[in-house]
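First comes the structure, then the notes that go with it.
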Amino acid sequence: MTDVYKKLVRCHEYCRDRIDTVPRAAIILGSGLGDFAEYVQVTGEIPYSDIEDFPVSTVAGHAGRFVFAEVEGMPVVLMQGRVHYYEGYSMEEVVLPVRLMKMMGAQTLILTNASGGINEEFSAGDFMMITDQISSFVPSPLIGENVEELGTRFPDMSEIYDKELQETIRQAARKVGVHLQEGVYIQFTGPNFESPAEIRMARVLGADAVGMSTACEAVAARHMGMKVCGISCVVNKAAGLQQTPLNHEEVQEMGRRKAEEFRKLLLEILYRMGGKNEKKGD
Numbered sequence: 001m002t003d004v005y006k007k008l009v010r011c012h013e014y015c016r017d018r019i020d021t022v023p024r025a026a027i028i029l030g031s032g033l034g035d036f037a038e039y040v041q042v043t044g045e046i047p048y049s050d051i052e053d054f055p056v057s058t059v060a061g062h063a064g065r066f067v068f069a070e071v072e073g074m075p076v077v078l079m080q081g082r083v084h085y086y087e088g089y090s091m092e093e094v095v096l097p098v099r100l101m102k103m104m105g106a107q108t109l110i111l112t113n114a115s116g117g118i119n120e121e122f123s124a125g126d127f128m129m130i131t132d133q134i135s136s137f138v139p140s141p142l143i144g145e146n147v148e149e150l151g152t153r154f155p156d157m158s159e160i161y162d163k164e165l166q167e168t169i170r171q172a173a174r175k176v177g178v179h180l181q182e183g184v185y186i187q188f189t190g191p192n193f194e195s196p197a198e199i200r201m202a203r204v205l206g207a208d209a210v211g212m213s214t215a216c217e218a219v220a221a222r223h224m225g226m227k228v229c230g231i232s233c234v235v236n237k238a239a240g241l242q243q244t245p246l247n248h249e250e251v252q253e254m255g256r257r258k259a260e261e262f263r264k265l266l267l268e269i270l271y272r273m274g275g276k277n278e279k280k281g282d
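Mapped onto UniProt numbering, the consecutive letters of the sequence shown carry residue numbers 1 to 282.
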């Protein structure tokens with residue numbers, strides 16, 4: 001048993017002793033989107049700081065706790081605030097929460113984030129369903145000794161974002177009237193925003209939106225066999241595509257403005273994942 005797995009087991013034992021819920025799905029709430037947790041039937045919560053040796057969110061707008069809830073009849077665990085590589089954590093620590101939620105029982109991971117729009121057809125406030133990703137600019141969370149209890153040494157990444165879940169998101173967006181963009185997400189380390197030249201490079205590589213999280217979490221989840229889907233809130237145009245300087249306050253403000261629309265979309269997605277919506281014509 002590796003040290004990574006021993007730490008994961010300790011974290012799981014702590015949570016298991018305090019929460020009876022066995023979640024079916026895990027949701028990571030990105031910058032400005034954490035208010036979703038205020039609109040669900042909460043059954044319990046655990047602050048990250050209560051878990052020994054667990055990374056703690058330090059970014060404004062990230063509450064830093066697991067919230068356990070019933071959403072549309074489905075038991076879920078929400079990460080109200082994630083941890084980032086740029087906060088000084090190792091990549092192993094960054095993906096520890098994802099691994100822990102899988103050990104809790106979650107089989108599906110819904111990733112959300114705030115991003116900068118690279119695709120010139122995107123506007124601030126758009127939602128983009130992530131269809132693929134580029135994670136080449138951050139270390140892989142799988143570097144080092146493989147944790148055999150979690151997954152194989154060389155996991156396939158040809159379909160990181162589950163095709164069936166993508167269709168579920170499309171149907172949900174149509175149902176609630178959300179205009180949904182689709183595209184490729186690229187992760188850089190941060191915490192600085194990208195330069196215009198880096199954005200031009202990312203566009204050449206095929207990226208439609210850019211951020212400082214998510215891709216590494218998706219890799220860790222797929223390593224463990226979780227089904228993954230992702231939704232990005234495009235909060236601004238990326239560097240070089242807008243006249244004003246980029247800032248984190250803009251990220252939070254757009255997230256707040258889109259919170260209700262996001263809540264409706266995510267609730268409909270979970271409703272459909274739970275198998276309740278069998279209406280014809282949807």
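Each residue gets a CB set at the ideal place from its N, CA and C atoms; glycine is no exception.
Item checked: Alpha-carbon spacing of Gln107 relative to Ser57, whole angstroms -> Along the sequence shown, read from residue 1 onward, the residue named residue 107 stands at position 107. Along the sequence shown, read from residue 1 onward, the residue named residue 57 stands at position 57. Distance between the alpha carbons of Gln107 and Ser57: 24 Å.
Next item on the list: Please go through the same chain and pick out, in chain order, the residues whose beta-carbon is closer than 7 Å to the beta-carbon of Arg222, but skip the five residues on each side of it.
Entry: For the purposes of this step, residue 222 is taken as the residue at position 222 of the sequence shown. Closer than 7 Å at Cβ, skipping near neighbours: Pro155, Met157, Ile160, Val228.
Check: Considering only residues of the same chain and omitting the five flanking positions on each side of Gly281, which have a CB-CB separation below 7 Å?
Finding: Your numbering for residue 281 matches position 281 in the sequence shown. Residue placement at Gly281 is poorly supported in this model, since its pLDDT is 39, which falls under 50; the coordinates still yield a value, given next. Non-local beta-carbon contacts of Gly281 in its own chain, meaning distances under 7 Å to residues more than five positions away in sequence, are absent.
Notebook entry, point to check: Considering Gln80, what are the terminal residues of the beta strand (DSSP E) in which it resides?
Noted result: Here the question's residue 80 lines up with position 80 in the sequence shown. That run of the beta strand (DSSP E) goes 74-80.
Next item on the list: Would you decide whether Leu205 is buried or exposed? Buried here means 16 or more other CB atoms lie within 10 Å of its CB.
Entry: In the sequence shown, residue 205 corresponds to position 205, counting from 1. It is exposed - the Cβ of Leu205 has fewer than 16 other Cβ atoms within 10 Å.
Next item on the list: May I ask which residues mark the beginning and end of the beta strand (DSSP E) holding Ala69?
Entry: As a working mapping, residue 69 is identified with position 69 in the sequence shown. Here the beta strand (DSSP E) through Ala69 covers 65-71.
Item checked: Burial state of Gln187 (16 or more Cβ within 10 Å) -> Counted from its first residue, the sequence shown places residue 187 at position 187. By the neighbour-count rule (16 or more Cβ atoms within 10 Å), Gln187 is buried.
Checklist line | First and last residue of the uninterrupted alpha helix (DSSP H) at Lys258 | finding: Taking the sequence shown and counting its residues from 1, the one referred to as residue 258 is at position 258. Taken as a continuous stretch (DSSP letters only), Lys258 belongs to no alpha helix (DSSP H), as it is neither H nor E.
Note to self: Between the region 31-50 and the region 262-274, can you find at least three pairs of beta-carbon atoms closer than 8 Å?
What the structure shows: yes
Note to self: Just list the residues that DSSP pairs Lys237 with in beta bridges.
What the structure shows: In the sequence shown, the residue the question calls residue 237 occupies position 237. Looking at the DSSP assignment, Lys237 forms a beta bridge with Gly117.
Check: Alpha carbon to alpha carbon, what distance is there between Met79 and Ser49?
Finding: The residue labelled residue 49 in the question sits at position 49 within the sequence shown. The residue labelled residue 79 in the question sits at position 79 within the sequence shown. Between Ser49 and Met79, the C-alpha separation is close to 13 Å.
Next item on the list: May I ask which residues mark the beginning and end of the beta strand (DSSP E) holding Gln181?
Entry: Within the sequence shown, numbered from 1, the residue matching residue 181 stands at position 181. Here the beta strand (DSSP E) through Gln181 covers 180-187.
Check: Using the rule of at least 16 other Cβ atoms within 10 Å of the residue's Cβ for burial, across every protein chain shown, is Met104 buried or exposed?
Finding: One-based indexing of the sequence shown puts residue 104 at position 104. It counts as buried.
Note to self: At the level of alpha carbons, what is the spacing between Gly73 and Ala197?
What the structure shows: On the sequence shown, residue 73 is found 73 positions in, with the first residue counted as 1. On the sequence shown, residue 197 is found 197 positions in, with the first residue counted as 1. Gly73 and Ala197: Cα-Cα distance of roughly 47 Å.
Notebook entry, point to check: Within 10 angstroms of its Cβ, does Gln133 collect 16 or more other Cβ (buried), or is it exposed?
Noted result: By 1-based counting over the sequence shown, the position of residue 133 is 133. Buried.
Item checked: Inter-residue spacing [alpha-carbon to alpha-carbon] between Lys279 and Met128 -> Walking along the sequence shown from the start, residue 279 turns up at place 279. Walking along the sequence shown from the start, residue 128 turns up at place 128. Low local confidence applies: a pLDDT of 39 at Lys279 is under 50, so the model's placement there is unreliable, with the coordinate-based value given in what follows. For Lys279 and Met128, the distance between alpha carbons rounds to 25 Å.
Item checked: Assigned exposure category for Gly225 - 16 Cβ within 10 Å defines buried -> In the sequence shown, residue 225 corresponds to position 225, counting from 1. Flag for Gly225 reads exposed.
Next item on the list: Note down the Cα distance separating Ile231 from Tyr85, rounded to an integer number of angstroms.
Entry: As a position in the sequence shown, residue 231 is number 231, starting the count at 1. As a position in the sequence shown, residue 85 is number 85, starting the count at 1. Going from the Cα of Ile231 to the Cα of Tyr85 covers about 20 Å.
Checklist line | Sequence-distant residues of the same chain with beta carbon closer than 8 Å to Thr131, five excluded per side | finding: Here residue 131 refers to the residue found at position 131 of the sequence shown. Correct list, in chain order: Tyr161, Gln166, Glu182, Gly183, Val184.
Check: Can you name the start and end residues of the alpha helix (DSSP H) that Leu29 belongs to?
Finding: Here residue 29 refers to the residue found at position 29 of the sequence shown. Judged by DSSP secondary structure, Leu29 falls outside any alpha helix (DSSP H) and instead within the beta strand (DSSP E) spanning 25-29.
Next item on the list: Can you give me the Cβ contacts of Glu87 inside the same chain, cut-off strictly under 6 Å, excluding the 5 residues immediately before and after it?
Entry: In the sequence shown, counting from the first residue as 1, residue 87 sits at position 87. Cβ within range, chain order: Thr58.
Note to self: Does the region 135-144 come into contact with the region 205-219, if we say contact requires no fewer than three beta-carbon pairs (one atom in each stretch) closer than 8 Å?
What the structure shows: yes
Notebook entry, point to check: Who are the near neighbours of Thr21 in its chain, counting only those whose CB is closer than 6 Å to its CB and skipping five residues on each side?
Noted result: In the sequence shown, counting from the first residue as 1, residue 21 sits at position 21. Cβ neighbours of Thr21 beyond the five flanking positions: Thr43, Phe68, Pro75.
Note to self: For the alpha helix (DSSP H) containing Asp35, name the first residue and the last one.
What the structure shows: Against the sequence shown, residue 35 aligns to sequence position 35. That residue, Asp35, is in no alpha helix (DSSP H); it is neither H nor E in DSSP.
Check: So is Pro191 buried or exposed if we call it buried at 16+ other beta carbons inside 10 Å?
Finding: Stepping through the sequence shown from its first residue, residue 191 is reached at position 191. The residue in question, Pro191, is exposed, as its Cβ has fewer than 16 Cβ neighbours within 10 Å.
Next item on the list: Note down, one range per segment and in chain order, each alpha helix (DSSP H) of at least 4 residues found wholly within the region 161-225.
Entry: At a cut-off of 4 residues, the continuous stretches assigned as alpha helix (DSSP H) that sit fully inside the region 161-225 are 163-176, 196-205, 215-223.
Check: Is the beta carbon of Leu118 less than 8 Å from the beta carbon of Ala218?
Finding: What you label residue 118 is simply residue 118 of the sequence shown in a count that begins at 1. What you label residue 218 is simply residue 218 of the sequence shown in a count that begins at 1. Looking at the sequence provided, one finds Ile at residue 118 rather than Leu. No.
Next item on the list: Enumerate in chain order the residues of its own chain whose CB-to-CB distance from Leu142 is below 7 Å, with the five nearest sequence positions on each side excluded.
Entry: The sequence position of residue 142 within the sequence shown is 142, counting from 1. Once the five neighbours on either side are set aside, the close Cβ partners of Leu142 are Val219, His223.
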